[in-house]
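Here's the structure, in structure tokens; my notes come after.
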Amino acid sequence: MRFQCTAVRVVVLALLVLAGVLTGSAIAKPFEDVIEHVGLEGVINWSQGYIEAKGTGVPPEEYEKFYGKPQARSMAIRGAQIAAYDNLLKTARSVRIQSTNIVDDSIGSNEEILDQVVSMVRGAKMVHREYLSDGTVEVSLRMPLLGGFTQLFLPSEYRTVPDVKAVSSSSNPQGAAAPPGAAEGAETPAKVDPDSRIYTGMVVDARGLGLNPSMAPVILDEDGKEVFGSNYVSREFAVHQGMAGFTKEMTVAEKDRRVEGRPLIVKGVKIANPGKSDIIISKADADLIRGTSENLSFLKQCRVVIVLD
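Numbering (full-length UniProt numbering), first residue to last: 1 to 309.
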């Protein structure tokens, strides 16, 4: 009898633990990517760095009537692929480069650039195909936002950003003359630990500002002076990993491989118009970023993550 009671308690405890696990699983919210919808069929995933579009194909009634369902299905698949390629091209042309322009603006009437984009679209990978009960077929195609696409449209005009001297190991190095008027034994300014100003990357909290993600985001101080942008980055880093990462979760941003270690957290004050893709931060944060050459180094390597709604 005693053994049976113990067994019952074990079973009850196991059920309670299982219920807790299931409840926790139900409550746990998966991290949400930053996704921009283009029309009804296209999406730009700014977090994962890809462009995707869907197409639908319907088998012609007369073809199905005379040649049978297998051939009709192949025609539906072909129709879905053509529609998906067309929608993917439209989506790619809608990608925001900077606050003032999109890919379509850069293409303009340049047939050579358009041909390159079309070639990238044709090389897209099929990531989903579904057969519906009425014979309709849905196909999804995906192409990378980074790499060749970014190389083609990333702003190419760069200026040299002046180097910033590294912070010295002491605010008054040994052997330096005392400031004029300093009395003997007077209290000297506190030493600044150089490591306290060195960061491994930057996380910009732009939640609640209505930010629109872009390929080449710009960060400005309150005086309108640029703190981060295409002028500050290595094109190689920008092409292969993007100028900045985008996420909706602060915890994800702080642990992102781009900035892992000791990221500087700054708060966006407001969004600069037009386009709502450029972020304004406080002058104090801007001065902190500009304070050492090490910080300019992480900007060059595109070690920036932007958090938005």
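We treat Cβ as the ideally placed atom computed from N, Cα and C, and that holds for glycine. Values in this document were obtained by computation on a predicted structure and should not be read as measured data.
Counting C-beta neighbours from all protein chains within 10 Å, is the total for residue i 16 or more, i.e. buried, or is it exposed?
i, result
"residue 140", "buried"
"residue 40", "exposed"
"residue 109", "exposed"
"residue 246", "buried"
"residue 228", "buried"
"residue 112", "exposed"
"residue 284", "exposed"
Considering only residues of the same chain and omitting the five flanking positions on each side of residue i, which have a CB-CB separation below 7 Å?
i, result
"residue 153", "97, 103, 106, 215"
"residue 76", "57, 58, 59, 135, 136, 137"
"residue 133", "none"
"residue 312", "Outside the modelled stretch of the chain, which goes from 1 to 309, sits residue 312, for which no answer is possible."
Please state if the CB of residue j and the CB of residue i are separated by a distance shorter than 7 Å.
i, j, result
"residue 279", "residue 268", "yes"
"residue 259", "residue 203", "yes"
"residue 235", "residue 307", "no"
"residue 232", "residue 299", "yes"
"residue 250", "residue 302", "no"
Quick check on residue i: does DSSP put it in helix, strand or coil?
i, result
"residue 115", "helix"
"residue 271", "strand"
"residue 252", "helix"
"residue 134", "coil"
"residue 309", "coil"
"residue 232", "helix"
"residue 34", "coil"
"residue 56", "strand"
"residue 21", "Note that residue 21 scores a pLDDT of 41, beneath 50, so its modelled location is shaky and nothing firm can be said."
"residue 121", "helix"
"residue 104", "helix"
"residue 148", "helix"
"residue 61", "helix"
In chain order, what residues of the same chain have a beta carbon less than 6 Å from the beta carbon of residue i, not counting five sequence neighbours either side?
i, result
"residue 275", "99, 100"
"residue 125", "142"
"residue 38", "91, 94"
"residue 289", "227, 295"
"residue 114", "107"
"residue 42", "53, 87, 91"
"residue 155", "216, 230"
Under 8 Å Cβ to Cβ from residue i, same chain only, skipping five residues before and after it: list those, please.
i, result
"residue 93", "102, 103, 104, 107, 117"
"residue 48", "33"
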